[in-house]
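J.:
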Amino acid sequence: MATITLDNITSIDEYRLPLNTTRKSYIDYFVIKLNTSLTYSDSYDSTITLNTLGVKKLPYQTAEEPINVNTPIEILPSNTEVFNDGHIIYLMKNVYANSEANIQYVASISFNGSQNIAGINSAGTTYSASDIAYIVPMACFLFVGTNNYVYSKTAGASTYKLDITQITQPTATVGGFYYTDYNFSDSRFSGYPSSYALVQHLENNYTPTDTNNPHPGGDQPDPDDGGDGDFDYTPDPIDIPDLPTVTATSSGLVSLYAPTSDQLKALADFLWSDAFSLESFKKLFNNPMDAILGLYLIPVNVGTGAAKEITVGNIVSTVSCNTVTTQYVAVDCGTFTFSKSAFTNSFLDWSPYTKCYLYLPFIGTQEINIDEFMGTTMHVVYHVDVMTGAMLCYVANSTDGVIYEYMGQCSENIPLSSSSYSNTIGSILNAAASVGGVVATAVTGGAAAPAALGLLGGASTATAQAASSLKPSVSHSGNIGGGAGIMSVNYPYLIFITPRTDISSSQYKYTGTPSNKVTKLSNLSGSGFNQIEAINLSVKGATDTEIAEIDATLKAGVIL
Amino acid sequence: MSFDIQLGYTESPRNKVSKVFHSYGTLSGTLKNETSILNPTIIMRNDDSVSFNADTIPVTKCNYMYISNFHRYYYIVDFQSIRNSVFEIVGKVDPLKTFESEILSNTGYILRSASRSNVTRYLDDDKIKIYANPHVVTKKLTGETFAKNPTFILAVSGGGGGTSS
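Listed below in structure tokens is the structure:
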């Protein structure tokens, strides 16, 4: 009998097998491929050899412990009796179908190079894939070499059910699982992989088929009810554009230099020296400063070419400095990956519960919608015009491309005359006034938000949402540009504000968790608290008063 | 007309469908006039203690009963003494336990469930409490930064273009 570990697993892939395209019936399943063969046999089955784990039989039935084939297998939170372990649990997901009458359970599935699926009803009649049409809540087993299954039953119950909580606990990391953390004394289990550990491995490596709904809970909608639109949700990524190739300096009428401080001093000396031919210069300009279009500081590493004498108007100076080779420069500020399971791995990680702000140098702090980045990688790139200091910031995600664009200004002008100094001071004052306006608007908006959303006093207000929405939205910074920007933080960063939850470990037993499923109530038997949103109650022999009481109790919440 | 009443107790929560009924034993009683099957008052002749299977257990320790003639389980809501050795048990039908199998065979749209299978994490859950003090976390992007020491740029008229682009 083969012994396998996770080292024997070469791949775990999820597939979707369409059953009925009209009804959108399908079955999602994992296929686990091994680098070794498994041979299995026991008194109930002939020898089977596999190199891909598959489902042998569901449910497993022995003469000694008959299993009610009409009862779907389900995962229970607790039980009192546990049977031998030693099997990898195969989690079958989302089996959809169209007729309850045709199917009792999925009897066997083989992954030996083909995709076969068959159903069987309680009378033993088998059905093909096209007949399978009902949601079959189930978990299937993969056998790894022992001849018993993880079934359990509650005291006095006649049916056996899978109990995931009673499966052995992992004792090591991937690749080295063995049974030590469980009260088995059976030496046959030594060296076998832990079912629970492998289930965890499967779940951790599970890539959902529908990334927009990674944990689908609802059933497939009936086409008559809507929800089956044909919009193509495949994005057309908006790429960050290339830098312009035609520039102002390519006209030859304007030149850009990247002088050092000493070179600037030398240029000043030259401009006011006898060497400067004022007569020829005056043919074009009133004074030497008219030919200098601008002098400023810019916080990017510009591309520079060979040294060249600075030419002012038509006068070639004696000062040589590096020329600027590119008017447009890209600054790639890098990436940040938003994990979908970053904080609580739940709806609380998304808006409006989790808020996300992005600080951008020379632009300020901007609130972004975290929904647009969850599960993707954010990429921030600036394009800077070295000649004017104007900049455009692109914020993209790895799926859709550019989502946000912000404009900024990163140059600090150095005034060369009294008039340009006045302009510089004036622009700073205007910027300050603008910042005050931004803050005032934000505070007002934050206070008004709950009332605007209708959250105050609403009986149906969701607690978490209400608390989250009542938090004021405060601007973290105003417009940071030019000289002020040069003094500020010079790289982008994110600020996450995410709820700190208080969830008791067994709270779900008393309140349940959102289900959004249509199912037979017996399928929930033994699970604990359940609240039924809608039911067309049929109770043979009950009076109208009793039916009304049952209906009210089911809707208020019952323990099934 | 007298009929059998199976007396006992249950420790199951009132909103549990599959209640566990622990029976002490069976006594007989008669239905009081002008009473209903859903909220019956049953007259019983006995003293304060009732003998069940050789054990003497005060009848007031019972809180649940089953009347096979009515095919129903009942909560015992009160005991009333009528006269010496005669008392009344006031019951209220428990339709959940009574129609357990019929209820479980119904199909419904489940709003919330404690079942751990197919947990839907991404639906809003108003039962989750959050603290007033959220987590505030800053994260840097991994990439270029703007230069701490800026570069002088001199733009002049003429010169034949200072760039090579």
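In the order they appear, the protein sequences are chains F and E.
For the first sequence, the working numbering assigns the number 560 to the last residue and increments by one with no breaks.
For the second sequence, the working numbering assigns the number 725 to the last residue and increments by one with no breaks.
Beta carbons: idealized from backbone N, C-alpha and C, even for Gly.
(1) May I ask you to list, following chain order, the residues of the segment 350 to 364 of chain F that have a beta carbon less than 7 Å from some beta carbon of chain E?
(2) Go ahead and pull the three-state DSSP assignment for S527 (chain F).
(3) Can you look up A306 (chain F) in the DSSP assignment and give me helix, strand or coil?
(4) Which chain F residues are close to L598 (chain E), counting only those with a beta carbon under 8 Å from its beta carbon?
(5) Would you be able to state if there are at least three C-beta pairs under 8 Å between the segment 616 to 635 of chain E and the segment 651 to 670 of chain E?
(6) Counting contacts by CB-CB distance shorter than 8 Å, is A291 (chain F) in contact with chain E?
(7) What residues in the segment 494 to 521 of chain F bring their beta carbon closer than 7 Å to a beta carbon of chain E?
(8) For the alpha helix (DSSP H) that E662 (chain E) lies in, which residues bound it at each end?
(9) Which term fits G313 (chain F), buried or exposed, when burial requires 16 or more other beta carbons within 10 angstroms of its beta carbon?
(10) Taking buried to mean at least 16 other C-beta atoms within 10 Å of its own C-beta, is M407 (chain F) buried or exposed?
(11) Given a limit of 9 Å on CB to CB distance, which residues of the segment 522 to 534 of chain F reach chain E?
(12) Just the chain E side, please: which residues come within less than 8 Å of D371 (chain F) by C-beta, in chain order?
(13) Counting along the chain, where does the alpha helix (DSSP H) carrying I550 (chain F) start and finish?
(14) Which same chain residues end up closer than 6 Å to N593 (chain E) when comparing Cβ atoms and leaving out the 5 residues on each side of it in sequence?
(15) Which whole-angstrom value describes the C-beta separation of I403 (chain F) and E372 (chain F), a residue pair presumed to lie in contact below a C-beta threshold of 8 Å?
(16) Just to confirm, is the Cβ distance from T377 (chain F) to T337 (chain F) under 8 Å?
(17) So what's Y382 (chain F) in DSSP terms, helix, strand or just coil?
(18) Count the other CB atoms, across all protein chains shown, that sit within 10 Å of the CB of F253 (chain F); report buried if there are 16 or more and exposed otherwise.
(19) If V515 (chain F) and I670 (chain E) are in contact, beta carbons under 8 Å, what's the gap, nearest whole angstrom?
(20) Roughly how many whole angstroms lie between the Cα atoms of T545 (chain F) and F496 (chain F)?
(21) Three-state secondary structure (DSSP) at I238 (chain F)?
(22) From what residue to what residue does the beta strand (DSSP E) around K509 (chain F) run?
(23) Which two residues bound the contiguous alpha helix (DSSP H) that contains F647 (chain E)?
(24) What residues in its chain sit with their C-beta under 7 Å from that of P361 (chain F), if we drop five residues either side in the sequence?
(25) Run through the DSSP bridge pairs and tell me what K517 (chain F) is partnered with.
(26) I'd like to confirm the pairing. Which residues does DSSP put opposite A534 (chain F) in its beta bridges?
(27) Let's test the definition: count the other Cβ atoms within 10 Å of the Cβ of F231 (chain F) and tell me whether it reaches 16, buried, or not, exposed.
(28) Can you tell me the Cα-Cα spacing of G668 (chain E) and S578 (chain E), whole angstroms?
(29) For a cutoff of 8 Å on Cβ pairs, would you count E594 (chain E) as touching chain F?
(30) What are the boundary residues of the beta strand (DSSP E) that includes Q327 (chain F)?
(31) Where does G541 (chain F) land, buried or exposed, given buried means 16+ other C-beta within 10 angstroms?
(32) So is D564 (chain E) buried or exposed if we call it buried at 16+ other beta carbons inside 10 Å?
(33) Looking at C-beta atoms only, is the number of pairs between the segment 638 to 650 of chain E and the segment 686 to 694 of chain E that lie closer than 8 Å three or more?
(34) Cβ-heavy atom distance between A266 (chain F) and the ligand COA below 7 Å?
(35) Check distances from the C-beta atoms of the segment 313 to 335 of chain F to those of chain E and list, in chain order, the residues that come in under 7 Å.
T.: Once the coordinates are examined:
(1) P361
(2) Here the question's residue 527 (chain F) lines up with position 527 in the first sequence. Three-state DSSP puts S527 (chain F) in coil, outside helix and strand.
(3) Counted from its first residue, the first sequence places residue 306 (chain F) at position 306. The answer is strand: DSSP assigns A306 (chain F) an E or B state.
(4) Residue numbering aside, residue 598 (chain E) sits at position 38 when the second sequence is read from its first letter. The answer, in chain order, is T543, T545 and E546.
(5) yes
(6) Here the question's residue 291 (chain F) lines up with position 291 in the first sequence. Judged by the 8 Å Cβ criterion, A291 (chain F) is in contact with chain E.
(7) L494, I495, F496, I497, T498, P499, R500, T501, D502, I503, Y508, K509, T511, G512, T513, P514, S515, N516, K517, V518, T519, K520 and L521
(8) Residue mapping note: residue 662 (chain E) aligns to position 102 of the second sequence, counting from 1. E662 (chain E) -> alpha helix (DSSP H) spans E660 to L664.
(9) Translated into positions along the first sequence, residue 313 (chain F) becomes position 313. Buried, since its Cβ has 16 or more Cβ neighbours within 10 Å.
(10) The residue labelled residue 407 (chain F) in the question sits at position 407 within the first sequence. Exposed.
(11) S522, N523, L524, S525, G526, S527, G528, F529, N530, Q531, I532, E533 and A534
(12) For the purposes of this step, residue 371 (chain F) is taken as the residue at position 371 of the first sequence. Simply none; closest approach about 11 Å.
(13) Counting from 1 along the first sequence, the entry for residue 550 (chain F) is found at position 550. Per DSSP, I550 (chain F) belongs to the alpha helix (DSSP H) from D544 to A556.
(14) In the second sequence, the residue the question calls residue 593 (chain E) occupies position 33. Excluding positions up to five away in sequence, the list is empty.
(15) The count along the first sequence starts at 1 and reaches residue 403 (chain F) at position 403. The count along the first sequence starts at 1 and reaches residue 372 (chain F) at position 372. Sure, about 5 Å apart at Cβ, within 8 Å.
(16) If you number the first sequence from 1, residue 377 (chain F) lands on position 377. If you number the first sequence from 1, residue 337 (chain F) lands on position 337. Yes, Cβ-Cβ distance for T377 (chain F) and T337 (chain F) is below 8 Å.
(17) For the purposes of this step, residue 382 (chain F) is identified with residue 382 of the first sequence, where counting begins at 1. Looking at Y382 (chain F) - three-state DSSP - the assignment turns out to be strand.
(18) What you label residue 253 (chain F) is simply residue 253 of the first sequence in a count that begins at 1. First, the amino acid is wrong: residue 253 (chain F) is Leu here, not Phe. Under this definition L253 (chain F) is an exposed residue.
(19) Residue numbering aside, residue 515 (chain F) sits at position 515 when the first sequence is read from its first letter. Residue numbering aside, residue 670 (chain E) sits at position 110 when the second sequence is read from its first letter. It should be pointed out that residue 515 (chain F) corresponds to Ser in this sequence rather than to Val. Right, their Cβ atoms sit about 4 Å apart.
(20) Numbered from its first residue, the first sequence carries residue 545 (chain F) at position 545. Numbered from its first residue, the first sequence carries residue 496 (chain F) at position 496. Roughly 53 Å separates the two Cα atoms.
(21) Translated into positions along the first sequence, residue 238 (chain F) becomes position 238. I238 (chain F) falls in the strand class under three-state DSSP.
(22) By 1-based counting over the first sequence, the position of residue 509 (chain F) is 509. Where K509 (chain F) is concerned, there is no enclosing beta strand (DSSP E), although the alpha helix (DSSP H) it sits in stretches over Q507 to T511.
(23) What you label residue 647 (chain E) is simply residue 87 of the second sequence in a count that begins at 1. First-last for F647 (chain E): V646 to V653, but that is the beta strand (DSSP E), not the alpha helix (DSSP H).
(24) Residue 361 (chain F) sits at position 361 when you count from the first residue of the first sequence. Cβ within range, chain order: G485, S488, V489, N490, Y491 and P492.
(25) Looking up residue 517 (chain F) in the first sequence gives position 517. In the DSSP output, where bridge partners are listed per residue, K517 (chain F) has E:I670.
(26) The count along the first sequence starts at 1 and reaches residue 534 (chain F) at position 534. According to DSSP, which records beta bridges pairwise, A534 (chain F) is partnered with E:Y669.
(27) By one-based count along the first sequence, residue 231 (chain F) stands at place 231. Exposed, because fewer than 16 other Cβ atoms sit within 10 Å of the Cβ of F231 (chain F).
(28) One-based indexing of the second sequence puts residue 668 (chain E) at position 108. One-based indexing of the second sequence puts residue 578 (chain E) at position 18. C-alpha separation (whole angstroms): 17 Å.
(29) The residue given as residue 594 (chain E) occupies position 34 in the second sequence. Closer than 8 Å: no.
(30) Within the first sequence, residue 327 (chain F) is the residue found at index 327, counting from 1. No beta strand (DSSP E) holds Q327 (chain F); DSSP gives it neither H nor E.
(31) Counting from 1 along the first sequence, the entry for residue 541 (chain F) is found at position 541. G541 (chain F) is exposed by the Cβ-count criterion.
(32) Residue numbering aside, residue 564 (chain E) sits at position 4 when the second sequence is read from its first letter. When all chains shown are included, D564 (chain E) counts as exposed.
(33) no
(34) Annotation note on the ligand COA: not contained in the displayed structure, which lists no ligands.
(35) G313, N314, T323, V324, T325, T326, Q327, V331, D332, C333, G334 and T335
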